[in-house]
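Asker: Below you will find the structure I want to go over with you.
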Amino acid sequence: MSKKGKGFWGRLEDVPREILYAILLIVFIIPMLNPIGFPVPISPEVKKWKDTIEAMPAGSAILIDFGYSGGGEPELGPMAVAVYHHIFRKGGLKAITMSTSLEGPLLWDKVIAEVNPAKYGAKYGVDYIHIGYISGTETAMAAVGKDLRATTNTDYKGASLDQYPIMTGIKDASSFKLLIVYTTGGDQSEGWVRQWYTPYKVPYLCSVIAMMVPTMLPYFKAGQIVSLTSGAQAGQMELLLGVPGRGIKSADVITLTHLLVFAFVVVGNIAYYGRKASERARGG
Amino acid sequence: MSLFVRRQLPIVLVFVTALLVMVDYFLKIPGTGPVVKDLQNWGIILTAFSLGFGAVNLFYLHTRHISRRTAGQWPFSIWLLLMIVVFTIIGVATGPTGPQYSWLYNASYFALSATVYSSLGFYMTTGCYRALRARNAEAALLLVVGAIALLRNAPAVAVGVPIIIPMEAWLSAIPTTSAQRGIMIGASLGAIALGVRTMIGRETGFLGRLTEAERRGGT
Chain A
772 MSKKGKGFWG RLEDVPREIL YAILLIVFII PMLNPIGFPV PISPEVKKWK DTIEAMPAGS
832 AILIDFGYSG GGEPELGPMA VAVYHHIFRK GGLKAITMST SLEGPLLWDK VIAEVNPAKY
892 GAKYGVDYIH IGYISGTETA MAAVGKDLRA TTNTDYKGAS LDQYPIMTGI KDASSFKLLI
952 VYTTGGDQSE GWVRQWYTPY KVPYLCSVIA MMVPTMLPYF KAGQIVSLTS GAQAGQMELL
1012 LGVPGRGIKS ADVITLTHLL VFAFVVVGNI AYYGRKASER ARGG
Chain B
3 MSLFVRRQLP IVLVFVTALL VMVDYFLKIP GTGPVVKDLQ NWGIILTAFS LGFGAVNLFY
63 LHTRHISRRT AGQWPFSIWL LLMIVVFTII GVATGPTGPQ YSWLYNASYF ALSATVYSSL
123 GFYMTTGCYR ALRARNAEAA LLLVVGAIAL LRNAPAVAVG VPIIIPMEAW LSAIPTTSAQ
183 RGIMIGASLG AIALGVRTMI GRETGFLGRL TEAERRGGT
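Residue numbers (the working numbering), protein chains in the order written: chain A, 772 to 1055; chain B, 3 to 221.
Right, dumping it as structure tokens:
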């Protein structure tokens, strides 16, 4: 059908995607350049996450999995940054990180550079460490849970773990009081439940990309995950901890783009019913 | 190579290995722990080896594309192989977390990966505009549920219209979790069936290419 033949409603229904892209881009860029400061509610899950770390006794070891890829960094990176701020500010905790994603060590470097642990007096090898990428995903989780040193003897730069005080007394899953996972993969987020929560009952905090949340809800509702958040809630975590960063900046963008998509859905439906009504009127 | 080596021995190995891992996971019988620990570490080494094997396979596949000048493919194959060589050389020379390697990763792969992933937002937006239409009762229901989820995930909307919070919470806790549990239980039962069939030699895909007679257990 020609454009002329479509009528107003038909043209509105089939508005070129380039126009929709352009509107989305404008709505995206404006709050990035000039943050509006919309209110951000703190969800119970984010509060529970913070309370769990807050309740950790001094000297507790936390295993952190950087299990996300570069594509997920804009969403999960800000959450990881905010949580590291909390861990270092609280102090006295051992943050031992590994990666089930090949890109994990590189992305961890970016996060640590953003956090700047030195400003909290935290030192590499004493308060935090990265023991590198361990291949095998679920097999790696099971192996680390059984005997960490049998899986790797070096940190992510290849230096022996024996030289770092943080690794003293760290043997297996029983050495850890908490597990934190940031991931873009279902194998990782579900694998940690199977390989760590089920056999060792290690409390598990899980942060995934927003589209993965429904797949993880059954584990969360069953109590196998203490708190389940999406990276899109990083702004809430930053607000709760008082460390504004990339997350809170993107909260305005998330609000406006979601409202825009809602408006698009409404307009699309008005156009659909408008076209149907005009076709009926012409037919009648 | 005899049929015993090609078929029966691998099946016996798979059966014994799977049994050991399962016994250790579910029953915690003393003595199985150290054996399973070694098996898991072998698994990690094999997975790491498979990454290198994958790189070799990529070279094999793409050098063929280049030598045959496959239309619409061979220039990209050259670029791919060039990138593998550059990343490998810099990674080996400076370490996989060295500053040069990190720069290369951040300036190329990371930026592209984040861009490609982010571009999904544009496709989803146009998809919502064109597909979320109340054409019938089922589509209207999907539209309403989608709209509630959409508005709940906009932080400021949840503050301004708080009624949306319990509505979305109910949708997440009851229909979504129930449906997801059903999917997971179904998939798990399928995985268990596949595992049992593999253990007893009814699934032979992992053995590689067997003849039809061999698959049936003949000679």
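C-beta atoms are modelled at their ideal positions from N, C-alpha and C, and glycine is treated no differently.
(1) Using alpha carbons as the reference points, say which of A:Lys881, A:Gln934, A:Gly916 and A:Met938 lies closest to B:Gln42.
(2) Taking all protein chains shown into account, decide if A:Gly1054 is buried (16 or more other Cβ within 10 angstroms of its Cβ) or exposed.
(3) Threshold first: 4 residues or longer. Then list the alpha helix (DSSP H) segments lying entirely within the region 78–111 of chain B, N to C.
(4) What residues match up with A:Phe837 in a beta bridge as DSSP calls it?
(5) Beta-carbon separation of B:Ala116 and A:Glu844 under 8 Å?
(6) On the three-state DSSP scale, how would you describe A:Leu864?
(7) Can you find a CB in chain B that lies within less than 8 Å of the CB of A:Met772?
(8) Given that a residue counts as buried once 16 or more other Cβ atoms are within 10 Å of its Cβ, and exposed if not, what is B:Glu170?
(9) Which of the three DSSP states, helix, strand or coil, is assigned to B:Thr65?
(10) What residue range does the beta strand (DSSP E) around A:Ser978 cover?
(11) Please confirm whether A:Gly1002 and A:Leu878 have their CB atoms less than 8 Å apart.
(12) Compare the C-beta of A:Arg788 against all C-beta atoms of chain B and say whether one is closer than 8 Å.
(13) Note down, in chain order, every chain B residue with its Cβ under 7 Å from the Cβ of A:Lys928.
(14) Which of the three DSSP states is assigned to A:Tyr971 in this structure?
(15) Compute the distance between the beta-carbons of A:Ala911 and A:Thr925, then report whether it is under 8 Å.
(16) In the DSSP assignment, find the unbroken beta strand (DSSP E) run with A:Leu999 in it and report its ends.
(17) Span of the beta strand (DSSP E) holding A:Glu842?
(18) Whose CA, out of A:Val984, A:Gly1045, A:Leu976 and A:Arg1017, lies closest to the CA of A:Leu804?
(19) Taking CB distances under 8 Å as the criterion, tell me whether A:Asn924 reaches chain B.
(20) Taking only beta-carbon positions, decide if B:Val161 is within less than 8 Å of chain A.
(21) Count the other C-beta atoms from every protein chain shown that fall within 10 angstroms of the C-beta of B:Gln102, then say buried if there are 16 or more, exposed otherwise.
(22) Tell me which residues of the region 998–1020 of chain A have at least one Cβ-Cβ distance to chain B shorter than 8 Å, keeping chain order.
(23) Leaving out five residues before and five after B:Ala160 in sequence, what residues of the same chain have Cβ atoms less than 8 Å from its Cβ?
(24) Looking only at its chain, what residues have a beta carbon closer than 7 Å to the beta carbon of B:Leu63, apart from the 5 residues adjacent to it on each side?
(25) So if I threshold CB-CB distances at 7 Å, which residues from the region 795–827 of chain A count as touching chain B?
(26) B:Ile47: buried (16+ other C-beta within 10 angstroms of its C-beta) or exposed?
(27) Between the Cα of A:Phe799 and the Cα atoms of B:Ser120, B:Met186 and B:Ile150, which residue gives the shortest distance?
(28) If we count the other Cβ atoms within 10 Å of its Cβ and call it buried at 16 or more, is A:Lys865 buried or exposed?
(29) Is A:Leu976 near A:Ile941, with beta carbons less than 8 Å apart?
(30) Using a C-beta cutoff of 8 Å, does A:Asp880 count as contacting chain B?
(31) For a contact meaning CB atoms closer than 7 Å, what does B:Thr127 contact in chain A?
(32) Which residue or residues does DSSP assign as beta-bridge partners of A:Ala832?
(33) State the DSSP-derived secondary structure class of B:Ser115, mapped to helix, strand or coil.
(34) So, using beta-carbon positions, are A:Ser870 and B:Ala50 closer together than 8 Å?
(35) From the DSSP output, in three-state form, read off A:Gly903 for me.
(36) Short check: CB of B:Gln182 to CB of A:Pro815, under 8 Å?
Answerer: In short:
(1) For the residues A:Lys881, A:Gln934, A:Gly916 and A:Met938, the minimum Cα distance to B:Gln42 belongs to A:Gly916.
(2) With fewer than 16 other Cβ atoms from the protein chains shown falling within 10 Å of its own Cβ, A:Gly1054 counts as exposed.
(3) Considered as a whole, the region 78–111 of chain B harbours 101–106 as its complete alpha helix (DSSP H) runs of no fewer than 4 residues, in chain order.
(4) A:Phe837 is bridged to A:Tyr953.
(5) Going by C-beta atoms, B:Ala116 is nearer than 8 Å to A:Glu844.
(6) In this structure, A:Leu864 counts as coil in the three-state DSSP scheme.
(7) Annotation note: pLDDT 47 at A:Met772 (below 50); position unreliable, coordinate value reported separately. Judged by the 8 Å Cβ criterion, A:Met772 is not in contact with chain B.
(8) B:Glu170 should be labelled buried.
(9) DSSP places B:Thr65 in helix when its eight states are reduced to three.
(10) Taken as a continuous stretch (DSSP letters only), the beta strand (DSSP E) holding A:Ser978 covers Tyr975 to Val979.
(11) Going by C-beta atoms, A:Gly1002 is not nearer than 8 Å to A:Leu878.
(12) For A:Arg788, at least one C-beta of chain B is nearer than 8 Å to its own C-beta.
(13) What A:Lys928 touches in chain B, judged by beta-carbon distance under 7 Å, is Gly97 and Thr99, going in chain order.
(14) In the three-state DSSP reduction, A:Tyr971 falls in the helix class (H, G or I).
(15) Against a cut-off of 8 Å, the Cβ pair of A:Thr925 and A:Ala911 comes out as no contact.
(16) Judged by DSSP secondary structure, A:Leu999 falls within the beta strand (DSSP E) whose first and last residues are Ser998 to Ser1001.
(17) Just to set this straight, residue 842 of chain A is Gly in the shown sequence, not Glu. For A:Gly842, there is no enclosing beta strand (DSSP E), as DSSP marks it with neither H nor E.
(18) The alpha carbon of A:Leu804 has as its nearest neighbour, out of A:Val984, A:Gly1045, A:Leu976 and A:Arg1017, the alpha carbon of A:Arg1017.
(19) Contact with chain B is absent for A:Asn924, since none of that chain's Cβ atoms lies less than 8 Å from the residue's Cβ.
(20) Chain A contact via Cβ: present.
(21) A residue is called buried once 16 or more other Cβ atoms fall within 10 Å of its Cβ, and B:Gln102, having fewer, is exposed.
(22) Listed by position along the chain: Ala1003, Gly1006 and Gln1007.
(23) Only residues of its own chain outside the window of five on either side were considered, and among them Leu153, Arg154, Ile166 and Ile167 have a CB closer than 8 Å to the CB of B:Ala160, listed in chain order.
(24) Excluding residues within five positions, none has a Cβ falling inside 7 Å.
(25) Along the region 795–827 of chain A, the positions whose C-beta sits under 7 Å from a C-beta of chain B are Leu795, Phe809, Pro810, Val811 and Pro812, read in chain order.
(26) Exposed is the call here.
(27) That would be B:Ser120, whose Cα lies nearest to the Cα of A:Phe799.
(28) Buried is the call here.
(29) In terms of Cβ geometry, A:Leu976 and A:Ile941 do not form a close pair [threshold 8 Å].
(30) Yes - at least one Cβ of chain B is within 8 Å of the one on A:Asp880.
(31) By Cβ distance, chain A contributes Leu791, Leu795, Val1032 and Phe1035.
(32) Paired residue(s): A:Lys865.
(33) Annotated three-state conformation of B:Ser115 is helix, per DSSP.
(34) For A:Ser870 and B:Ala50, no; Cβs fall outside 8 Å.
(35) Reduced to three states, the DSSP call for A:Gly903 is strand.
(36) No.
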